[in-house]
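Participant: Taken in order, these protein sequences are the chains called Z and R.
Letter by letter, the first sequence follows residues 1 to 303 of this note's numbering.
Letter by letter, the second sequence follows residues 1001 to 1212 of this note's numbering.
Sharing a structure here in C-alpha cells format.
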Amino acid sequence: MFLYFIRIIKFSLQDIGRNIWLSLVTIIILVLALFTVNMLLVVKVIGGTAVDAIKEKIDINLFIKPSANEDEILALKARVSQLGEVRDVIYVSQAEALENFKMSHADNPEILESLRELGTNPMTPSLVIRPKSLDEFDNLINKINAMEDEIIESRNFSNYKVMLNKINTITEKVANAGLLLSGIFIFITILVVYNSVRVAIYTHRREIVIMRLVGASRWFIQTPYLLSGVIYTIFGISIIMGLFYPFLTLLQPYLETFFVGYNVNLISYFYGQAHIIFGLQFLGVALVNIIASQLAVRKYSRV
Amino acid sequence: MKALDRVNIHIKPGEFVSLVGQSGTGKTTLVKTLIGEEKIDQGKIVVGGWDITNIGQREIPVLRRQIGVIFQDFKLLPKKTLFENVAFAMQVCGGHPGKIKRIVPHVMKIVGLNNKMNRYPREVSGGEQQRAAIARALVHRPKILLADEPTGNLDSLNAHEIIELLLRINKFGTTVLLVTHNREIVNRLRRRVITIDNGQVVIDQEVGKYIL
Chain Z
1 MFLYFIRIIK FSLQDIGRNI WLSLVTIIIL VLALFTVNML LVVKVIGGTA
51 VDAIKEKIDI NLFIKPSANE DEILALKARV SQLGEVRDVI YVSQAEALEN
101 FKMSHADNPE ILESLRELGT NPMTPSLVIR PKSLDEFDNL INKINAMEDE
151 IIESRNFSNY KVMLNKINTI TEKVANAGLL LSGIFIFITI LVVYNSVRVA
201 IYTHRREIVI MRLVGASRWF IQTPYLLSGV IYTIFGISII MGLFYPFLTL
251 LQPYLETFFV GYNVNLISYF YGQAHIIFGL QFLGVALVNI IASQLAVRKY
301 SRV
Chain R
1001 MKALDRVNIH IKPGEFVSLV GQSGTGKTTL VKTLIGEEKI DQGKIVVGGW
1051 DITNIGQREI PVLRRQIGVI FQDFKLLPKK TLFENVAFAM QVCGGHPGKI
1101 KRIVPHVMKI VGLNNKMNRY PREVSGGEQQ RAAIARALVH RPKILLADEP
1151 TGNLDSLNAH EIIELLLRIN KFGTTVLLVT HNREIVNRLR RRVITIDNGQ
1201 VVIDQEVGKY IL
C-alpha cells in the first residue's frame, strides 16, 4: 500500500512536470482566486473595524448654559442616566471643555491666541451621552428632545446612523462584488484544472493504455490525476500565504494611519486565524480541484 | 452485422494456436473479448476456468495480470529504457522494488535483451522492441500469452526470431494464441490453426495451414 502511495505521488508529480507551463497557469489562476477570497476577508475586517470605530464615536451632546450650577447639572446627568437606552453619561465641565478645545487646536496658534485675547472661558459645559446600542439611537434622541430643563442650552445629534448605513452598504457592495469575482475565479479554476488534467491524461494516453494492458487497477491509473488537483492546491495555498503576509505588512501602516486610535491589525488577525482561514481555503479549493479532476478523469480516461 | 458470430473455440493449456484470417474479420475483437476489453452479447467466455463473460471493472486488472498481451506496434514508452518499460508493468501493479530488480533482468535474459536493458526503444531494432514487449508481457508469469500481429511491423528475419521466442515461451508451458495474417509463418509453424472469416470460425485444424 505504501509503495502504491509513493508511486501515485511520483506519477502525479510527473504529470505536473511534463506539462509544466499548463501547471503554472493553473497555479497562477488558483492564486488569483485565493487572493480575491482573502481580499474579501480583508474588506470584511476593515469594514467591521470602521463600523466599530463609528459606533464608538456615536454620542449625543447636551450643552448646558454656563450659568447653571454644578448641582443642577449633576441632577440632569442623573435624570439622563436613568433612561434605559443610555450606556453612560460623561459630564464635561466648562474648564474641561476649554482644555479639550485647547488640546484639539494645539497646532493652531491663531485660535489659541484669539482665546487668550478673549480673556474668559467661552466654552459651555456639556453632558456627553452614549447609547447602549445603535438600534435604540432614535428612541434616545426622541427622549432627549422631549426632556425639558431650563439649564439645557442646545442639543447636538450628529446623524451617525446614516453614516453607518453608508459604510454597511459600501462594505456589503464590496463583499458582493468580491463574492462575484471569487465565483468567477472559482469557475475559471474549475475550467483550468479540468483542462490541465485533460491535457495530462492526453499526454499520458500511451502510459494509460499500457497500464490497463498490464493489469494496473483503475484506482492506480486515475488517482495520480486526482492527486494533481490536490498538489495544485498545496502550491496555490503556499504561494498565497507567502504573498499575502508581505502584502498585509505593506497595507498595515496605511490602515493604522486611517484608523488612528483603533485596533485594526490585519497581520495579527491573519496570523491568529491562519489555521482556520487557510485550512478552510485549502479544503474548499482541494474539493473544487478534485471535482474538476474527477470530471476530466471520468470523461477522458475510461479505464 | 456481428463482429463475432457462433465462435466456439476451446484452447487447451499449453497449446500454441494460430488465429488467422484477413484484416477486419474479427481476430482482434476476439483478443479484446479475452482480456475484458470488449463484452459479448451472447455466449460464454471462460479463461483458465474463470467465467469472464460478465466480468466486473474491478476484476479486469486481475484478469490482465494472468494474460500477457503483445501488439504489432509494441506499445513501449519512448522515454523509458527497455528495463524501465518492463519494470513499469510491475511497478503499476504494486511490485516490490526488490522483486522488480530480480525478475526483470531474468525475463530480459529469456528474451535475449540482457545486454540492451539500458537502451531506449529508439536505439534498438523493431525485433528487439517486440522482444521487450514480450518481456513486459511475461513479468507477471502469465498462463496465457496473446500475440496480436506481433510480426506485422518486422522484416522476415526479425519476425522469424519473434516466432522462435514465442515457441520457446510455449515450451515452458505458457499457452500462446498468435493472431496473424502472415501465411508463411503459419505454414512453417505446423501447429493448430483457427481460421476466422466474417466473424465466424470457418476452419479449425490441429496441424493446419493458412488456407484463405
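All C-beta atoms in this analysis are idealised placements derived from N, C-alpha and C, irrespective of residue type, glycine included.
Since we're looking at a predicted model, the values are computed, not measured.
Tell me which residues share the same chain as V45 (chain Z) and place their Cβ nearer than 7 Å to its Cβ, disregarding the 5 neighbours each side in the sequence.
Facilitator: For the purposes of this step, residue 45 (chain Z) is identified with residue 45 of the first sequence, where counting begins at 1. Only L266, Y269 meet the Cβ criterion.
Participant: For N100 (chain Z) and G84 (chain Z), what's the separation of their Cα atoms in angstroms?
Facilitator: Taking the first sequence and counting its residues from 1, the one referred to as residue 100 (chain Z) is at position 100. Taking the first sequence and counting its residues from 1, the one referred to as residue 84 (chain Z) is at position 84. Near 29 Å, if we compare the C-alpha coordinates of G84 (chain Z) and N100 (chain Z).
Participant: Do S126 (chain Z) and N61 (chain Z) have their C-beta atoms closer together than 8 Å?
Facilitator: For the purposes of this step, residue 126 (chain Z) is identified with residue 126 of the first sequence, where counting begins at 1. For the purposes of this step, residue 61 (chain Z) is identified with residue 61 of the first sequence, where counting begins at 1. The answer is yes: Cβ separation under 8 Å.
Participant: Cβ of K1075 (chain R) less than 8 Å from any chain Z Cβ?
Facilitator: Walking along the second sequence from the start, residue 1075 (chain R) turns up at place 75. True, the Cβ-Cβ gap to chain Z drops below 8 Å.
Participant: Are the Cβ atoms of E1038 (chain R) and T1029 (chain R) separated by less than 8 Å?
Facilitator: For the purposes of this step, residue 1038 (chain R) is taken as residue 38 along the second sequence, with counting starting at 1. For the purposes of this step, residue 1029 (chain R) is taken as residue 29 along the second sequence, with counting starting at 1. Cβ distance < 8 Å, so E1038 (chain R) and T1029 (chain R) count as in contact.
Participant: Check the Cβ of F5 (chain Z) against every Cβ in chain R and list those closer than 8 Å, keeping chain order.
Facilitator: Working through the first sequence from its first residue, we reach residue 5 (chain Z) at position 5. Under the 8 Å cutoff, chain R gives no residues; its nearest Cβ is about 10 Å from F5 (chain Z).
Participant: Answer yes if the region 289-299 of chain Z comes into contact with the region 1139-1159 of chain R, meaning at least three C-beta pairs across the two stretches below 8 Å, and no otherwise.
Facilitator: Cβ pair count under 8 Å is below three, so no.
Participant: Rounding to the nearest angstrom, what Cα-Cα distance links G1043 (chain R) and G1024 (chain R) in this structure?
Facilitator: Looking up residue 1043 (chain R) in the second sequence gives position 43. Looking up residue 1024 (chain R) in the second sequence gives position 24. G1043 (chain R) and G1024 (chain R): Cα-Cα distance of roughly 21 Å.
Participant: Here's the rule I'm using: 16 or more other beta-carbon atoms within 10 Å means buried, otherwise exposed. How should I6 (chain Z) be labelled?
Facilitator: In the first sequence, counting from the first residue as 1, residue 6 (chain Z) sits at position 6. Label assigned to I6 (chain Z): exposed.
Participant: For E70 (chain Z), tell me which candidate among Z:V92, Z:T36, Z:D59 has the shortest Cα-Cα distance.
Facilitator: By 1-based counting over the first sequence, the position of residue 70 (chain Z) is 70. Looking at the Cα atoms, Z:V92 is the closest of the given residues.
Participant: What residues of chain Z sit near A1087 (chain R), judged by a beta carbon separation below 9 Å?
Facilitator: As a first step, residue 1087 (chain R) is located in the second sequence; it is residue number 87 there, counting from the start. Within chain Z, no residue comes near A1087 (chain R); the closest Cβ sits about 11 Å away, beyond 9 Å.
Participant: May I ask you to report which of helix, strand or coil DSSP gives S109 (chain Z)?
Facilitator: Sequence index remark: in the first sequence, residue 109 (chain Z) carries index 109 (1-based). Here residue 109 (chain Z) turns out to be Pro, not Ser, going by the sequence shown. Helix at P109 (chain Z).
Participant: Using a Cβ-Cβ distance cut-off of 8 Å, determine whether V214 (chain Z) contacts chain R.
Facilitator: Your numbering for residue 214 (chain Z) matches position 214 in the first sequence. Yes, because at least one Cβ of chain R sits closer than 8 Å to the Cβ of V214 (chain Z).
Participant: If we ignore side chains and look at the alpha-carbon of each, how far apart do F157 (chain Z) and I111 (chain Z) end up?
Facilitator: Looking up residue 157 (chain Z) in the first sequence gives position 157. Looking up residue 111 (chain Z) in the first sequence gives position 111. In a straight line, the C-alpha of F157 (chain Z) is about 25 Å away from that of I111 (chain Z).
Participant: Against P1121 (chain R), what residues of chain Z qualify as contacts under a CB-to-CB distance less than 7 Å, listed in chain order?
Facilitator: The residue you call residue 1121 (chain R) lines up with position 121 of the second sequence. Within chain Z, no residue comes near P1121 (chain R); the closest Cβ sits about 11 Å away, beyond 7 Å.
Participant: Please classify V1108 (chain R) as buried or exposed, where buried requires at least 16 neighbouring CB atoms within 10 angstroms.
Facilitator: Residue 1108 (chain R) sits at position 108 when you count from the first residue of the second sequence. It is Met, not Val, that sits at residue 1108 (chain R) in the sequence shown. Buried: at least 16 other Cβ atoms inside 10 Å.
Participant: Does the CB of Y300 (chain Z) have a neighbour CB from chain R at under 8 Å?
Facilitator: For the purposes of this step, residue 300 (chain Z) is identified with residue 300 of the first sequence, where counting begins at 1. For Y300 (chain Z), the answer is no, since every Cβ of chain R falls outside 8 Å of its Cβ.
Participant: Can you tell me the Cα-Cα spacing of V303 (chain Z) and R1131 (chain R), whole angstroms?
Facilitator: Here residue 303 (chain Z) refers to the residue found at position 303 when the first sequence is read from its first residue. Here residue 1131 (chain R) refers to the residue found at position 131 when the second sequence is read from its first residue. Note that V303 (chain Z) scores a pLDDT of 49, beneath 50, so its modelled location is shaky and nothing firm can be said.
Participant: For D149 (chain Z), which option in Z:Y300, Z:F63, Z:L134, Z:K166 has the closest C-alpha, if you only look at C-alpha atoms?
Facilitator: Locating residue 149 (chain Z) in the first sequence gives position 149, where the first residue counts as 1. Of Z:Y300, Z:F63, Z:L134, Z:K166, the residue nearest in Cα terms is Z:F63.
Participant: Could you name the residues of the same chain whose beta carbon sits closer than 7 Å to that of D15 (chain Z), not counting the 5 residues immediately before and after it, in chain order?
Facilitator: The residue you call residue 15 (chain Z) lines up with position 15 of the first sequence. Within the same chain, D15 (chain Z) has close Cβ partners A200, H204, P224, Y225, S228.
Participant: Using DSSP with H/G/I as helix, E/B as strand and the rest coil, what is G1068 (chain R)?
Facilitator: Taking the first residue of the second sequence as position 1, residue 1068 (chain R) is located at position 68. DSSP places G1068 (chain R) in strand when its eight states are reduced to three.
Participant: Which of the residues in the region 201-231 of chain Z, read from start to end, lie with their CB under 7 Å from any CB of chain R?
Facilitator: Result list: R206, E207, V209, I210, M211, L213, V214, G215, A216, S217, R218, F220.
Participant: Which two residues bound the contiguous alpha helix (DSSP H) that contains D1148 (chain R)?
Facilitator: Taking the second sequence and counting its residues from 1, the one referred to as residue 1148 (chain R) is at position 148. It is not in any alpha helix (DSSP H) - D1148 (chain R) instead sits in the beta strand (DSSP E) that spans 1144-1148.
Participant: Does the beta-carbon of Q222 (chain Z) have 16 or more other beta-carbons within 10 angstroms, so that it is buried, or is it exposed?
Facilitator: The count along the first sequence starts at 1 and reaches residue 222 (chain Z) at position 222. With 16 or more other Cβ atoms within 10 Å, it is buried.
Participant: Since L34 (chain Z) contacts V285 (chain Z) with CB under 8 Å, what's their CB separation in whole angstroms?
Facilitator: If you number the first sequence from 1, residue 34 (chain Z) lands on position 34. If you number the first sequence from 1, residue 285 (chain Z) lands on position 285. That belief holds up - the Cβ atoms of L34 (chain Z) and V285 (chain Z) are roughly 7 Å apart, short of 8 Å.
Participant: Tell me which residue opens and which closes the beta strand (DSSP E) that P1018 (chain R) is part of.
Facilitator: Here residue 1018 (chain R) refers to the residue found at position 18 when the second sequence is read from its first residue. Reading off the sequence shown, one finds Ser at residue 1018 (chain R), where the question assumed Pro. From DSSP, the beta strand (DSSP E) with S1018 (chain R) extends over 1016-1020.
Participant: Could you spell out the range, first to last residue, of the alpha helix (DSSP H) harbouring I27 (chain Z)?
Facilitator: On the first sequence, position 27 is the one that residue 27 (chain Z) refers to. Unbroken alpha helix (DSSP H) run through I27 (chain Z): 20-57.
Participant: Are at least three pairs of beta-carbons, each pair with one atom in the region 233-251 of chain Z and one in the region 1111-1121 of chain R, less than 8 Å apart?
Facilitator: Touching, no, given that fewer than three Cβ pairs across the two stretches are closer than 8 Å.
Participant: Take S81 (chain Z) and list the residues in its own chain whose beta-carbon comes closer than 7 Å to its own, dropping the five residues that flank it on each side.
Facilitator: To locate residue 81 (chain Z), count along the first sequence from 1; it is residue 81. Only V89 meet the Cβ criterion.
Participant: Return the residue from the list Z:V297, Z:F235, Z:Q252, Z:L295 that minimises the CA-CA distance to V42 (chain Z).
Facilitator: Within the first sequence, residue 42 (chain Z) is the residue found at index 42, counting from 1. That would be Z:Q252, whose Cα lies nearest to the Cα of V42 (chain Z).
Participant: Short of 6 Å in beta carbon distance, which residues of its chain neighbour A97 (chain Z), apart from the five on each side in sequence? Order them along the chain.
Facilitator: As a position in the first sequence, residue 97 (chain Z) is number 97, starting the count at 1. Excluding sequence neighbours, A97 (chain Z) sits near M123.
Participant: Starting from V1202 (chain R), trace the beta strand (DSSP E) in both directions and tell me its first and last residue.
Facilitator: By 1-based counting over the second sequence, the position of residue 1202 (chain R) is 202. Counting along the chain, the beta strand (DSSP E) containing V1202 (chain R) begins and ends at 1200-1205.
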